[in-house]
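Worksheet: the structure to be examined is printed underneath.
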Ligand code: DC
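Numbering (my numbering), first residue to last: 28 to 261.
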C-alpha cells in the first residue's frame with residue numbers, strides 16, 4: 028500500500044474542503060476533512076449537556092469519542108462522506124449553528140487537539156491521503172511531500188459562502204453577518220496559542236481570489252505532477 032499525504036490548510040470558507048475532495052477523487056487518495064472531528068467533539072459535548080467552555084469536561088468527551096467517517100460516493104443527499112458520532116449519523120448536524128458557535132472554543136483546547144492529532148496521524152498511516160484543516164502541514168503531518176495553503180480575502184470568502192447557502196436571496200444583511208463570522212473565526216483560528224492557523228514554511232501558497240474551483244484544482248494537480256507524487260487511479 029502506498030503511503031503519502033497531501034496537506035491542505037487555510038481559513039474558513041477558503042474552498043479547501045471542496046477542492047480537497049475533488050483533488051482526492053482525481054488522484055485516487057482518501058480524503059479527510061479534519062474540521063469535522065472538532066465539530067464532532069463539539070456536538071458530542073453539547074448533546075451530553077456539557078458547557079463548551081468547561082475545558083476539562085470537553086477533554087473527557089474528546090478522549091472517549093466514538094468517531095467514524097466513511098466515504099459516500101453518489102449518496103442521494105449529496106454528501107461526500109458519512110460521519111458517525113457515538114454511533115449516530117451526525118453528518119448534517121455537525122454544520123448546525125450551535126456547533127458553529129462553539130467549535131472555535133473547543134478546538135482551542137490543547138488536550139482536545141492532542142487527541143485529534145493522534146487520530147489524524149493514525150488515519151494517514153498506511154494510506155494515500157488528502158488531509159484538510161488548519162494545522163495539517165504545520166503540526167499533524169509536517170513531513171508531507173506536498174503542503175498547500177489556500178488563501179483569499181475575507182470578502183471573497185464571505186461571498187462564496189453566501190453563494191453556497193442561498194444562491195437566490197442575496198441580501199446585504201446576510202452578507203455582513205457571514206463576513207463578520209468569517210473575520211471572527213479567522214481571528215480566533217490564527218491567534219490561538221496552540222497550533223494557530225498559518226502556512227508551513229515550505230507550503231505552496233495558492234491565492235484563490237481570482238481563481239475558479241477548477242483553476243485551484245488544476246494548480247494542485249500541477250503541483251502533484253511537479254513533485255512526482257503517485258497518481259493512483261491513472
Ligand atoms: O473547517 P471547519 O470550519 O469545519 O472547522 C471547524 C473548526 O475547527 C474551526 O473553528 C477550526 C477548527 N479546526 C482546527 O482547529 N484544526 C483543524 N485541523 C481543523 C479545524
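Idealized CB from N, CA, C, for every residue including glycine.
According to the DSSP secondary-structure assignment, residue 108 is paired through a beta bridge with 98.
In the three-state scheme derived from DSSP, where H, G and I count as helix and E and B as strand, residue 160 is classed as strand. Contact between the segment 219 to 235 and the segment 61 to 72 is absent, with fewer than three C-beta pairs closer than 8 angstroms.
Close CB contacts of residue 132 within its chain, under the 7 angstroms cut and outside five residues either way in sequence, are with 79 and 80 (chain order). For the 7 angstroms CB-CB criterion, residue 244 and residue 46 form a contact. Each residue's CA atom was taken as its position, placing residue 242 and residue 75 some 43 angstroms apart. By the Cβ neighbour-count rule, residue 214 is exposed, with fewer than 16 other Cβ atoms within 10 Å of its own. Here residue 171 has 32, 33, 34 and 164 as same chain residues with Cβ atoms under 7 angstroms from its own Cβ, once five neighbours each way along the sequence are excluded. Going by DSSP, residue 118 is part of no alpha helix (DSSP H) at all; its letter is neither H nor E.
Here the segment 171 to 184 does not lie against the segment 92 to 110, with fewer than 3 beta-carbon pairs under 8 angstroms apart. With the rule of 3 Cβ pairs closer than 8 angstroms, the segment 81 to 97 counts as touching the segment 132 to 146. For residue 130, the shortest separation between its Cβ and any heavy atom of ligand 1 lies below 6 angstroms.
The closest heavy atom of ligand 1 lies less than 6 angstroms from the beta carbon of residue 216. At least one heavy atom of ligand 1 lies closer than 6 angstroms to the C-beta of residue 162.
Residue 151 is positioned such that its CB atom lies no closer than 7 angstroms to that of residue 259. With 16 or more other CB atoms across the displayed protein chains lying within 10 angstroms of its CB, residue 235 is buried. Rounded to the nearest whole angstrom, the CA to CA distance from residue 40 to residue 208 is 11 angstroms. With respect to residue 36, residue 188 sits apart: the two C-beta atoms are not nearer than 7 angstroms. In the structure shown, the three-state DSSP call for residue 90 is helix. In the DSSP assignment, residue 178 falls within the unbroken beta strand (DSSP E) covering 173 to 178. The alpha-carbon separation between residue 250 and residue 77 amounts to approximately 44 angstroms. Judged by DSSP in its simplified three-state form, residue 215 adopts helix.
Bounds of any beta strand (DSSP E) do not take in residue 241; it lies within the alpha helix (DSSP H) bounded by 240 to 253. The alpha-carbon separation between residue 29 and residue 56 amounts to approximately 10 angstroms.
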